[in-house]
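Structure, as structure tokens:
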Amino acid sequence: MFYKTALATSVLLLSSGIAHAETTYRIGITQNNVGVDSYQTTYESAFEEAAEAAGNVDVVVLDAGGDVARQIGQMQDLVQQQVDAIIIWPTNGQAVIPAIRQAYNAGIPVVVTNSKIAEAGLDFIAAFSGPDNVQQGISSAEMMCDALGGEGQIVQISGQPGYPGYCTGHEKGG
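Those letters in the sequence shown? Residues -21 to -1, 1 to 153, by mature numbering (1 follows the signal peptide of the UniProt record, and there is no 0).
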């Protein structure tokens, strides 16, 4: 339900700021890696449902497959298509900044979702929609420590290098 509410809000927010309600809007979304992540698959489905429910939103749904070069190309394609807005779930929070800047310079609002981009790109986005990964990590660590009662061993399983959630956790928590 959270995903549907967040996506519906994003779709309505973007469409309300662009023109009148009788206009049809084209919103592009490029995701990190839908094929291997059920979370992203659910997000994509909820996005499509929210757009359909809005009634005046056409979507261009793209999957980068975890490939940052592909995602940059997808961003460039969406700019060439002159979509009304772009939602990006970044594969690499630093590498996608030039593509986000290109959309910004073309007057296309960009919403970054789920994984933050590097600070250097924040001036080029309209909004961020997603979790506070650092706080989630802190809360998870505290729950683990409480559950273990001071006993046991903990193993850290790292994510994809360059992926914003992975980088943020290592920068903040080590």
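Yeah, the Cβ is synthetic: ideal placement off N, Cα and C, and Gly gets one too.
**Study point:** Secondary structure of Val15, DSSP reduced to three states
**Key:** helix
**Study point:** Length of the line joining the Cα atoms of Val62 and Asn112
**Key:** 29 Å
Check your understanding: Can you list, in chain order, the stretches of the beta strand (DSSP E) that have 3 or more residues and sit fully within the region 64 to 101?
Key -> 64 to 67, 89 to 92
**Study point:** Residues of its chain near Val13, where Cβ-Cβ distance is below 7 Å and the 5 sequence neighbours each way are ignored
**Key:** Gln19, Thr20, Glu23, Asp42
Exercise for review: Following the continuous beta strand (DSSP E) through Val38, name the residue where it begins and the one where it ends.
Suggested key: 36 to 42
Check your understanding: Are the CB atoms of Asn93 and Gly109 nearer to each other than 8 Å?
Key -> yes
Practice item. Could you please give the first and the last residue of the uninterrupted alpha helix (DSSP H) stretch that includes Gly116? Key: 112 to 127
Exercise for review: Enumerate in chain order the residues of its own chain whose CB-to-CB distance from Ile133 is below 8 Å, with the five nearest sequence positions on each side excluded.
Suggested key: Met123, Leu127
**Study point:** Exposure label - Leu59; buried when at least 16 CB within 10 Å
**Key:** Residue identity check: residue 59 is Gln in the sequence provided, not Leu. By the 10 Å Cβ count, Gln59 comes out exposed.
Check your understanding: Anyone know if the C-beta pair for Val39 and Arg5 falls short of 8 Å?
Key -> yes
**Study point:** CA-to-CA distance, Ser118 to Glu31, given in whole angstroms
**Key:** 36 Å
Check your understanding: With respect to the alpha helix (DSSP H) encompassing Ile51, which residues constitute its N-terminal and C-terminal limits?
Key -> 47 to 59
**Study point:** Which of helix, strand or coil DSSP assigns to Ala33
**Key:** helix
Review point. For Thr2, which three-state DSSP category applies?
Key: coil
**Study point:** Nearest-angstrom Cα separation, counted from Gln53 out to Ile8
**Key:** 9 Å
Check your understanding: Quick one: Cα of Asn35 to Cα of Glu1, how far?
Key -> 7 Å
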